[in-house]
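Worksheet: the structure to be examined is printed underneath.
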Ligand code: EPZ
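In structure tokens:
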């Protein structure tokens, strides 16, 4: 799949933000831990969610998604704790089935996690925690196998504040006997959302969103009806779109505190930020000013917004830097920006962006999900018609991305074949 887009239009208007993808994936895993029916609202319609639901069906979970943003799940008749279908291998969050199935059945077999190639991405902290809860672990035919006679609460200290490990260990620990403490836990908004959802099923989790999470195990989880929070990264991407196209965009609904690190940087770069209730309006200025950014776990600047920020810095006056401190391979989009005339250089974990005038249209390839979204912003800010290949990555995490952008005045078409690309170029060129 490809996007064909013509840059130059300042984006303007209001855009509706979908449910958070990364919260949804943890929440879906939590949903199969009860034998009662669970209803999830505000589910984003993105590929990773569809893959997760497909994997559920294959192990016997009943899934009713008759409405686009609402799913009804009943996992009373799961017939195997082995999830290794080809699709689950493609997504990172397949590993949440480890915590969910281990907690519920004391046994889990899941294909090694896939996902975006943004670094080494080991899961040693997940496995360490599962072992401390009483599970034995082995790897077999690229499958992770976990087995426990019983799960017992434990004191787990994570070596780094891992989002995935924190969620996975919460999932397993809610049905373990006794008390579990997770120290140096991740604090991202989706950690809190998954914990709130589990608590609505009868779990006893305290402290989610802080460094230490305390869990008292319960016998069983019951059904619930739960609405997912808005997507912090989707909202941030549209805020950055306003900045790079010198537009005027309101994102809604959002939880303003989730956006603080992004809003602060946009203000530093000269944008006006107007916060009102559940919305933020970003008014871009003719000139953007450079700044220095370091990605950090929440509440720091999110690594998932790093490529979008890279596009803004390559359009800004002066010299700006980004230090990527979470993933070692997240600067692949920089080569693509160079094709557009950006003056950029990567030295280890730091990317340097020097002002180089407007970006020029080019033929680009998306190296991963967030980088793909960032290159769309670059294309919409550039002079001429840009073609971005590898859009399947973007569809994994953004619902109706092109449609939402068109609603703000962008000229962008999603196409499939070579012929369509030529036709689309003619249409918008
Ligand atoms: C989650 O990945 C997100 N994915 C990522 O979003 C996001 O970039 C990342 O958190 C950081 O916010 C999902 O929620 C599905 P981590 P995850 O465990 O859980 C190291 C997107 O674009 N680490 O917090 O894989 C790891 O290598 C995606 O939506 C270990 O060393 O991230 C990394 O350097 C991309 N051992 C750091 O910790 C472990 O056992 C943080 O990773 C676990 C992690």
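Residue numbers (the numbering used here): 578 to 1006. Beta carbons: idealized from backbone N, C-alpha and C, even for Gly. Computed from a predicted structure; not experimentally measured.
message: DSSP three-state label for residue 1001, please.
response: Translated into positions along the chain shown, residue 1001 becomes position 424. Here residue 1001 sits in helix by DSSP.
- request: Can you check the region 741-820 for any beta strand (DSSP E) of at least 3 residues that lies completely inside it and give the ranges in chain order?
  value: 756-760, 781-783, 790-793, 801-804
- prompt: Any heavy atom of ligand 1 closer than 8 Å to the CB of residue 847?
  reply: Here residue 847 corresponds to residue number 270 of the chain shown, with the count starting at 1. Flag unset: Cβ of residue 847 not near ligand 1.
message: Please identify the residue among 718, 640, 811 whose C-alpha is closest to the C-alpha of residue 879.
response: As a working note, residue 879 is residue 302 in the chain shown. Comparing Cα-Cα distances from residue 879 to each of 718, 640, 811, the minimum goes to 811.
message: If we require 4 or more residues per run, which alpha helix (DSSP H) segments fall completely within the region 818-901?
response: 837-845, 883-891
query: In terms of residue numbering, what span does the beta strand (DSSP E) encompassing residue 911 cover?
result: Translated into the one-based positions of the chain shown, residue 911 becomes position 334. That residue, residue 911, is in no beta strand (DSSP E); its alpha helix (DSSP H) goes 910-916.
The region 764-775 in contact with the region 785-802 per 3-pair CB rule at 8 Å: yes
field: Contacts around residue 658, its chain only, beta-carbon distance under 7 Å, and the 5 residues preceding and following it disregarded
entry: Locating residue 658 in the chain shown gives position 81, counting from the first residue. 678, 682, 684, 685, 686.
- prompt: Can residue 866 and residue 849 be called in contact, C-beta distance under 9 Å?
  reply: As a position in the chain shown, residue 866 is number 289, starting the count at 1. As a position in the chain shown, residue 849 is number 272, starting the count at 1. In this structure, residue 849 does not lie closer than 9 Å to residue 866 by Cβ.
field: Helix, strand or coil at residue 706 according to DSSP, with G and I counted as helix
entry: One-based indexing of the chain shown puts residue 706 at position 129. Residue state, collapsed to three classes: helix.
- prompt: Exposed or buried, residue 792, counting other C-beta atoms within 10 Å across all chains shown (16 or more means buried)?
  reply: Numbered from its first residue, the chain shown carries residue 792 at position 215. Buried is the call here.
- prompt: Should residue 697 be listed as close to ligand 1, given that the test is whether its C-beta is under 8 Å from any heavy atom?
  reply: Here residue 697 refers to the residue found at position 120 of the chain shown. For ligand 1, at least one heavy atom lies less than 8 Å from the Cβ of residue 697.
query: Taking the alpha carbon of residue 609 as the point to measure from, which residue in 629, 591, 592, 624 has its own alpha carbon closest?
result: Locating residue 609 in the chain shown gives position 32, counting from the first residue. Nearest C-alpha to residue 609: 629.
field: Among 653, 615, 606, 612, nearest to residue 631 - alpha-carbon criterion
entry: Looking up residue 631 in the chain shown gives position 54. Of 653, 615, 606, 612, the residue nearest in Cα terms is 606.
- prompt: Is it buried or exposed for residue 747, if we count other Cβ within 10 angstroms and need 16 for buried?
  reply: The residue given as residue 747 occupies position 170 in the chain shown. Buried is the call here.
- prompt: Does ligand 1 have a heavy atom nearer than 8 Å to the CB of residue 878?
  reply: If you number the chain shown from 1, residue 878 lands on position 301. It does not: the Cβ of residue 878 is nowhere closer than 8 Å to a heavy atom of ligand 1.
message: Using 8 Å for Cβ pairs, my map puts residue 885 next to residue 817. What's the rounded Cβ distance?
response: What you label residue 885 is simply residue 308 of the chain shown in a count that begins at 1. What you label residue 817 is simply residue 240 of the chain shown in a count that begins at 1. Confirmed, Cβ separation roughly 4 Å.
- request: Going by CA-CA distance only, name the one from 757, 719, 645, 669 that's closest to residue 680.
  value: The residue given as residue 680 occupies position 103 in the chain shown. It is 757.
message: For residue 829 and residue 716, I'd like the C-alpha separation in whole angstroms.
response: Translated into positions along the chain shown, residue 829 becomes position 252. Translated into positions along the chain shown, residue 716 becomes position 139. Computed Cα separation, rounded: 44 Å.
field: Range of the contiguous beta strand (DSSP E) that encloses residue 1007
entry: Examination of residue 1007 is not possible in this model, given that the chain is present from 578 through 1006 alone.
task: Taking only the alpha-carbon atoms, compute the straight-line gap between residue 892 and residue 843 and give it to the nearest angstrom.
output: Counted from its first residue, the chain shown places residue 892 at position 315. Counted from its first residue, the chain shown places residue 843 at position 266. Answer to the nearest angstrom: the Cα atoms are 13 Å apart.
query: Assuming residue 938 contacts residue 961 under a Cβ cut-off of 8 Å, what Cβ separation, rounded to an integer in Å, is found between them?
result: Within the chain shown, the letter at position 361 stands for residue 938. Within the chain shown, the letter at position 384 stands for residue 961. The pair is a contact, with the Cβ atoms about 3 Å apart (cut-off 8 Å).
- request: Kindly indicate the opening and closing residues of the beta strand (DSSP E) around residue 920.
  value: Reading the chain shown from its first residue, position 343 is the one you call residue 920. Residue 920 -> beta strand (DSSP E) spans 920-924.
task: Could you check how far apart the C-beta atoms of residue 861 and residue 820 are, in whole angstroms? I think they sit under 8 Å.
output: Position 284 of the chain shown, counted from the first residue, corresponds to residue 861. Position 243 of the chain shown, counted from the first residue, corresponds to residue 820. Correct: roughly 5 Å between the Cβ atoms.
- request: Give the secondary structure of residue 984 by DSSP, where H, G and I count as helix, E and B as strand, and everything else as coil.
  value: Within the chain shown, numbered from 1, the residue matching residue 984 stands at position 407. In the structure shown, residue 984 sits in a helix (DSSP, three-state: H, G or I).
Cβ pair count under 8 Å reaching 3, the region 773-784 against the region 735-746: no
- request: Determine the burial state of residue 809: buried for a count of at least 16 other Cβ atoms within 10 Å of its Cβ, exposed for fewer.
  value: As a first step, residue 809 is located in the chain shown; it is residue number 232 there, counting from the start. Looking at its Cβ environment, which holds 16 or more other Cβ atoms inside 10 Å, residue 809 is buried.
query: Taking 8 Å as the line, does the beta carbon of residue 858 fall inside it for any heavy atom of ligand 3?
result: Looking for ligand 3 in the displayed structure turns up nothing; the ligands present are ligand 1.
query: For residue 807, is the classification buried or exposed, using 16 other Cβ atoms within 10 angstroms of its Cβ as the cut-off for buried?
result: The residue you call residue 807 lines up with position 230 of the chain shown. When all chains shown are included, residue 807 counts as buried.
query: Cβ-heavy atom distance between residue 713 and ligand 1 below 8 Å?
result: As a position in the chain shown, residue 713 is number 136, starting the count at 1. Outside the cutoff, so no.
- request: Take every Cβ of the region 637-653, pair it with every Cβ of the region 669-676, and state whether three or more of those distances are shorter than 8 Å.
  value: no
- prompt: Can residue 624 be considered in contact with ligand 1, in the sense that its beta carbon sits closer than 8 Å to one or more heavy atoms?
  reply: Counting from one through the chain shown, the residue named residue 624 turns up at place 47. Every heavy atom of ligand 1 is 8 Å or more from the Cβ of residue 624, so no.
query: Any idea what DSSP makes of residue 941, helix, strand or coil?
result: Here residue 941 is taken as the residue at index 364 of the chain shown, counted from 1. The answer is strand: DSSP assigns residue 941 an E or B state.
message: I need the DSSP call for residue 948, collapsed to helix, strand or coil.
response: One-based indexing of the chain shown puts residue 948 at position 371. Three-state DSSP puts residue 948 in a helix.
task: Consider the Cβ of residue 797: report whether some Cβ of chain D lies at a distance smaller than 9 Å.
output: Looking at the structure shown, chain D is missing, and only one protein chain is on hand.
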